[in-house]
Each structure stands twice: as structure tokens, then as C-alpha cells.
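Okay, so here's the structure we're looking at.
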Amino acid sequence: MRREPAGDVVRAKQMDETVSEFFRRTILKIPLTEMMTILKTWNFLSENQLQTVNFRQRKESLVQDLVLLCEENRASLNDAALLDIIYTQFHRHQKVWDVFQMSKGPGEDTDLFDMEQFKSSFKKILKRALKNVTVSFRDAEENAVWIRIAWGTQYRKPNQYKPAYVVYYSQTPYAFTSSSQLKSNLPLLGQIFETHNSTTPLQERSLGLDINMDSRIIHENKTEKERVQRVTQEIFGDYPQPRLEFAQYKLETKFKSDLNGGILAEREEPLRCLVKFSSPHLLEALKSLAPAGIADAPLSPLLTCIPNKGMNYFKIRDK
Amino acid sequence: MSVLRPLDKLPGLNTATILLVGTEDALLQQLAEAMLKEDCTSELKVHLAKSLPLPSNVNRPRIDLIVFVVNLHSKHSLRNVEESLHHVDATFFLGKVSFLATGAGRESHCSIHRNTVMQLAHTYRSPLLFCDLEIEDFRATMAQRLVRMLQICAGHVPSVSALNLLSLLQSSENPSLEDL
Numbered sequence: 001m002r003r004e005p006a007g008d009v010v011r012a013k014q015m016d017e018t019v020s021e022f023f024r025r026t027i028l029k030i031p032l033t034e035m036m037t038i039l040k041t042w043n044f045l046s047e048n049q050l051q052t053v054n055f056r057q058r059k060e061s062l063v064q065d066l067v068l069l070c071e072e073n074r075a076s077l078n079d080a081a082l083l084d085i086i087y088t089q090f091h092r093h094q095k096v097w098d099v100f101q102m103s104k105g106p107g108e109d110t111d112l113f114d115m116e117q118f119k120s121s122f123k124k125i126l127k128r129a130l131k132n133v134t135v136s137f138r139d140a141e142e143n144a145v146w147i148r149i150a151w152g153t154q155y156r157k158p159n160q161y162k163p164a165y166v167v168y169y170s171q172t173p174y175a176f177t178s179s180s181q182l183k184s185n186l187p188l189l190g191q192i193f194e195t196h197n198s199t200t201p202l203q204e205r206s207l208g209l210d211i212n213m214d215s216r217i218i219h220e221n222k223t224e225k226e227r228v229q230r231v232t233q234e235i236f237g238d239y240p241q242p243r244l245e246f247a248q249y250k251l252e253t254k255f256k257s258d259l260n261g262g263i264l265a266e267r268e269e270p271l272r273c274l275v276k277f278s279s280p281h282l283l284e285a286l287k288s289l290a291p292a293g294i295a296d297a298p299l300s301p302l303l304t305c306i307p308n309k310g311m312n313y314f315k316i317r318d319k
Numbered sequence: 001m002s003v004l005r006p007l008d009k010l011p012g013l014n015t016a017t018i019l020l021v022g023t024e025d026a027l028l029q030q031l032a033e034a035m036l037k038e039d040c041t042s043e044l045k046v047h048l049a050k051s052l053p054l055p056s057n058v059n060r061p062r063i064d065l066i067v068f069v070v071n072l073h074s075k076h077s078l079r080n081v082e083e084s085l086h087h088v089d090a091t092f093f094l095g096k097v098s099f100l101a102t103g104a105g106r107e108s109h110c111s112i113h114r115n116t117v118m119q120l121a122h123t124y125r126s127p128l129l130f131c132d133l134e135i136e137d138f139r140a141t142m143a144q145r146l147v148r149m150l151q152i153c154a155g156h157v158p159s160v161s162a163l164n165l166l167s168l169l170q171s172s173e174n175p176s177l178e179d180l
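Keeping their order, the protein sequence lines are chains C and G.
Mapping to the UniProt record's numbering: the first sequence position 105 is 105, numbers consecutive.
Mapping to the UniProt record's numbering: the second sequence position 114 is 114, numbers consecutive.
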């Protein structure tokens, strides 16, 4: 053990290079439009410090300045993890989440939930089970807690770039998990929750229409209904659609008709026609067409390609 | 091609089964629920189908009344009913089939003319009922009517048969098309 000369104790401890890099990469992820909001939510850098930074410069330089400020404040790995949680909270839609439902065993009382006790026992159990793990918490609305877990192995430090997230709503039996890695660690999480209750993965909820409760009503086309639900879910997903108010299709195709003859059938020139769909929420309306029985599933790719292509003005010509 | 026949099965004890055929599942479901809310001495069963023919490998009770639901806002729903009609045996049309047109209240949304459905009902010699199924009160009233019709068609009302009912309905409700 080396004895530090007295003068050196005052000198700020230099930030670990891996932590510094983690900061750099995390801040780099944040879009410039959200930068201020996220940094303010993080509340680690003071108002004064933020004012010294030029937010209009090139992103790489901006990030460098911010990392330097973090080093000045002696930011720790936990602070970086917290920033990562906040970023993920802002971008939760970009992750895929599984839901777990906890059920009380028979005869168990509803215990009074203590958030701090939960956090400390959660952390303790994880650290006991795995040598190298980083666990961070952030409270959120509605008695929820966001838990960030970076996994390592017995011999390797935790990989901060592939964390798992658990969002636990303490007043409900539900926990949401999202993992960037193999799901091999999820059973462990399940075990941790078992100290409170047992968990079962939630059945995939079916879209749309309520499950009919009255047994005197029989749906003859149940398989077809289920097929429509499945196809709709495959195309549109489970999450609410982006809000779009109209889509426009300009047709410049030759007139095609089943009927023989007719004036229009003979025309060589393309028929010009404009079709405009408008709605307060067009994509949700399209999504509900097939389940409502108004259209067949799958819908025309001309309609379903809108989110993928990011277009809502189309010109359709003959091939 | 499987065809629905009215008397190919034995009736269930005190059971009356109605089959609602139409593309708009949500409306059919609501109508079914409204019907089951009614106080009725018979045991009611409601089958909902998007179209005919029905899946063949299923055990189902005898169907006492078929109601074809057409949404006047949707040509698709009319086309669907027209095609389904081919799968119903002619003997069903002796009072055990009825047509129900919904959406007449919002005339600007109608893409099917009333006359079209009236012509259809006339062709099949069956009564045509109009009801905006989206409106709860109208739906409840229609549900009551359908329950009474169903009981008659199932033979649960003494001395009134489906054929009696048909002739009663035709004279008072459906004016002959020459008048239109």
C-alpha cells in the first residue's frame, strides 16, 4: 500500500477512462433537439455550467465539452447509468418490452410496499447472485421504478452498452422488461420478484375487440376473426400508430374494367384521378378497418406501406 | 357447397337460435348483447357469422331465424349478403329470413340506395327492417322485435307460425314496389 503524499489528496481523482467513454457515448446518442431537456432532467450539471457550453457547435465538440464538465463534477458510473435511464425513458418506444404478471399465492396478504426496501433488497440479491453487475434505480410516475441492470460475468466487468431494463409498477402486479442481450438473465430477475410474489409471463393480449363473455353468443367465423387480428397485428404492430391526418394517391394509370367495351376502356391516355384519405388519425382508422369488417385483411400494400416508406403522397403509374 | 336448411335438425328443448349474418362484427355483437338482455321464456342463442357458408365441421343447433344485416354505408356489406344468400335453402324464405338495413339515418354516408335493399328483400319475399344499430335506443327496440320474431319462428308462440308472421309483416310494412 503506497502512502499518498499529503498534497495529492486534494487533487481531483481522474475519471476512469471507461466511464468517460461511457459518458461520451451516452451523450452522443441524445438528439440535439432533446439535449437540453434531458440534461435538465438529469440535473447533474448545474444551470451555470450548462450556460458555459455552446449548444450550437458541432455535436462532437459539444459532447466533448459536456464530458469535461462531467469530469469536473467527478461524475461516477452511477451518474452515467442514471443519464442512460433518462435517455431510455425518453426513447422507451424504441425498445421491445415483455410484460410479467405477478400473482399472489393462496393465503398471502397484500403487504405494504416499501420502495426503498424493495430497491435495497433487489440490489442485494442481484449482487449476491452475480459478481459483476451494475444496478441503478430511478423513480417514475405512478409509483413506478425504472431499474437498469448492466450484466457482467464472473471475470468481466459489466457491459454498460447492453443493459437490461425493468420497469416495476409497485401498486400493480406488473413488471416490464427489456433486454439488449440474450434472455438468459431474465429467470434470475423472475426469482428476485419471487421474494414478493411469483411471476408468470402474461399471455399475449389479443388486439381490438373485447373477448365475448356471454356463452350464448357464438362467433361462427372465429378462426377468420383470429386470422384477421393476427394479420392486422403483424402489419400494424401493437403500439398506437403515428398520427397522420391524410394520405394522397395520384393515379395516372390506364382505365381497367371488367366490363367489355365502354368508352373509357378504349382510351390510350392514362386516366388522371386523385384519391385523398383524411382522418383525425388515419393510420389508426386503417388499422381498424379489417377487424371492424369494413375491409378484407390484409389491406392493400398501398395503404400499409405508409409508415415504412415514410411517405403519404403517392403517384401511381402503370408499370 | 353447404346450404342451410330450416328443418334438417331437431329443435332443442325450449331453445331458439338466431343467426345474424353481416360484415360488421362490432354491430352484430352489440345487437346480440341487446337481444340477450331481453326477458324471454325461451333459451336464446345468437350465432354471428360474417358470411355464408358456415364452417361445416361444427356442431350447431337448428337455426330458427336468419337476419342478414346490410350497412347502407358499405357496398361491401351488401355484396357480402348477396353472396351469402346463395347458401340458404329456398324453404328458409318461408318466414325464417329477414333483412336488416342499418345506417339510413346518416343519408350523406349512404352509398347504397334504400330501393336496392327493398328490391333485394322483395326478391326473396322476406321482410326488411330498418334500424340504425349504432344508436343504443334503436338497437334495444330492434332487439326486442327480433326476440319476438325469433320466438315465433322457433314455434314457441302458440298459434302463430313463421308463415303467419310473414304474411302479417308483408301486408302492413312492405308496400308493393309498384307504389314506389
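Glycine included, each C-beta is placed from N, C-alpha and C at the ideal position.
*Of the choices C:SER136, C:LYS315 and C:SER180, whose alpha-carbon is the least far from that of ILE86 (chain C)?*
The shortest C-alpha separation from ILE86 (chain C) is found at C:SER136.
*In angstroms, rounded to a whole number, what distance separates the CA positions of LEU128 (chain G) and ASN59 (chain G)?*
Taken atom to atom, the span from the alpha-carbon of LEU128 (chain G) to that of ASN59 (chain G) is near 29 Å.
_Can you pull out the residues from the stretch 211-233 of chain C whose beta carbon lies closer than 8 Å to at least one beta carbon of chain G?_
Residues passing the 8 Å Cβ filter: ASN212, ASP214, ARG216, ILE217, ILE218, HIS219, GLU220, ASN221, THR223, GLU224 and LYS225.
*Give a yes or no on whether 8 Å exceeds the smallest Cβ distance from GLY237 (chain C) to chain G.*
For GLY237 (chain C), the answer is no, since every Cβ of chain G falls outside 8 Å of its Cβ.
*What are the boundary residues of the beta strand (DSSP E) that residue 392 (chain C) is part of?*
With chain C running from 1 to 319 in the structure shown, residue 392 (chain C) is simply not present.
*asked:* Suppose you measure from the CA of residue 320 (chain C) to the CA of GLN94 (chain C); what does that come to, to the nearest Å?
replied: Any answer about residue 320 (chain C) is impossible in this case: the structure gives chain C only from 1 up to 319.
*Who are the Cβ neighbours of MET15 (chain C) in its own chain at under 6 Å, not counting the five residues just before and after it?*
Result list for MET15 (chain C): GLU71, in chain order.
*Which one of C:SER178, C:LYS222, C:LYS250 and C:LEU299 has the shortest CA to CA distance from THR232 (chain C)?*
For the residues C:SER178, C:LYS222, C:LYS250 and C:LEU299, the minimum Cα distance to THR232 (chain C) belongs to C:LEU299.
*Following the continuous beta strand (DSSP E) through GLU220 (chain C), name the residue where it begins and the one where it ends.*
Run containing GLU220 (chain C): none; DSSP gives neither H nor E here.
_I'd like the ranges of any alpha helix (DSSP H) spanning at least 4 consecutive residues and lying wholly in the stretch 131-178 of chain G._
You should have 136-153 and 162-173.
*In three-state terms, what does DSSP make of ASN48 (chain C)?*
Here ASN48 (chain C) sits in helix by DSSP.
_Local conformation of LYS95 (chain C) per DSSP, three classes_ = For LYS95 (chain C), the secondary structure class from DSSP, reduced to helix, strand or coil, is coil.
*For the beta strand (DSSP E) that SER179 (chain C) lies in, which residues bound it at each end?*
In this chain, the beta strand (DSSP E) harbouring SER179 (chain C) covers 174-179.
*Put SER136 (chain C) into one of helix, strand or coil per three-state DSSP.*
The answer is strand: DSSP assigns SER136 (chain C) an E or B state.
*So is ALA290 (chain C) in contact with chain G if we call contact Cβ pairs under 8 Å?*
It does not: the Cβ of ALA290 (chain C) has no partner Cβ on chain G nearer than 8 Å.
*Does the stretch 161-173 of chain C come within contact of the stretch 139-153 of chain C, defined as at least 3 CB pairs closer than 8 Å?*
Yes, since at least three Cβ pairs between the stretch 161-173 of chain C and the stretch 139-153 of chain C fall closer than 8 Å, the two stretches touch.
*Measuring only between beta-carbons, confirm whether LEU207 (chain C) sits less than 8 Å from chain G.*
The pLDDT assigned to LEU207 (chain C) is 35, lower than 50, so where the model puts this residue is not dependable, and the model offers no usable value.
*What residue range is occupied by the uninterrupted beta strand (DSSP E) comprising THR15 (chain G)?*
Membership of THR15 (chain G) in the beta strand (DSSP E) is indicated by the continuous run 15-21.
_Strictly below 7 Å CB to CB, what residues from chain G border GLY293 (chain C)?_
Listed along the chain, the chain G residues whose CB falls inside 7 Å of the CB of GLY293 (chain C) are THR23, GLU24, ASP25 and LYS50.
_Let me make sure I understand the geometry here. Which of G:VAL81, G:ALA26 and G:LEU72 has the alpha-carbon closest to that of PHE130 (chain G)?_
Nearest option by C-alpha distance: G:LEU72.
*Inter-residue Cα distance where the pair is SER278 (chain C) and TYR249 (chain C)*: Between the alpha carbons of SER278 (chain C) and TYR249 (chain C) lies a distance of about 12 Å.
*Can you grab the Cα-Cα spacing for the pair VAL46 (chain G) / SER215 (chain C), in whole Å?*
VAL46 (chain G) and SER215 (chain C) have their C-alpha atoms some 9 Å from each other.
*PRO55 (chain G) CB to nearest chain C CB: under 8 Å?*
Interface residue, yes.
_Taking only three categories from DSSP, how would you classify THR253 (chain C)?_
THR253 (chain C): strand per DSSP, three-state reduction.
*Is the number of C-beta pairs between the stretch 300-317 of chain C and the stretch 10-20 of chain G that are closer than 8 Å three or more?*
Contact between the stretch 300-317 of chain C and the stretch 10-20 of chain G is absent, because fewer than three Cβ pairs lie under 8 Å.
*asked:* If you follow the alpha helix (DSSP H) that ALA150 (chain C) is in, where does it begin and where does it stop?
replied: Counting along the chain, no alpha helix (DSSP H) covers ALA150 (chain C); the unbroken beta strand (DSSP E) around it starts and ends at 144-151.
*Run down chain C in chain order and give the residues with a C-beta less than 9 Å from the C-beta of HIS76 (chain G).*
Residues of chain C passing the Cβ test: GLY293, ILE294, ALA295 and ASP296.
*asked:* Taking 8 Å as the cut-off, does the stretch 306-318 of chain C touch the stretch 32-52 of chain G (at least 3 CB pairs, one atom from each stretch)?
replied: These segments do not touch.
_So that I know if they touch, is there some Cβ in chain C lying closer than 8 Å to that of GLU136 (chain G)?_
False, the Cβ-Cβ gap to chain C never drops below 8 Å.
_Please state the DSSP three-state secondary structure of GLN160 (chain C)._
Three-state result, GLN160 (chain C): coil.
*Where does SER76 (chain C) fall in DSSP's three states?*
If DSSP states are grouped into helix, strand and coil, SER76 (chain C) belongs with coil.
_GLU33 (chain G) at chain C interface by Cβ criterion, 8 Å_ = Contact of GLU33 (chain G) with chain C is assigned, a C-beta pair being separated by under 8 Å.
_Residues bridged to VAL67 (chain G) (per DSSP)_ = Residue pairing from DSSP places VAL67 (chain G) in a beta bridge opposite G:LEU20 and G:SER98.
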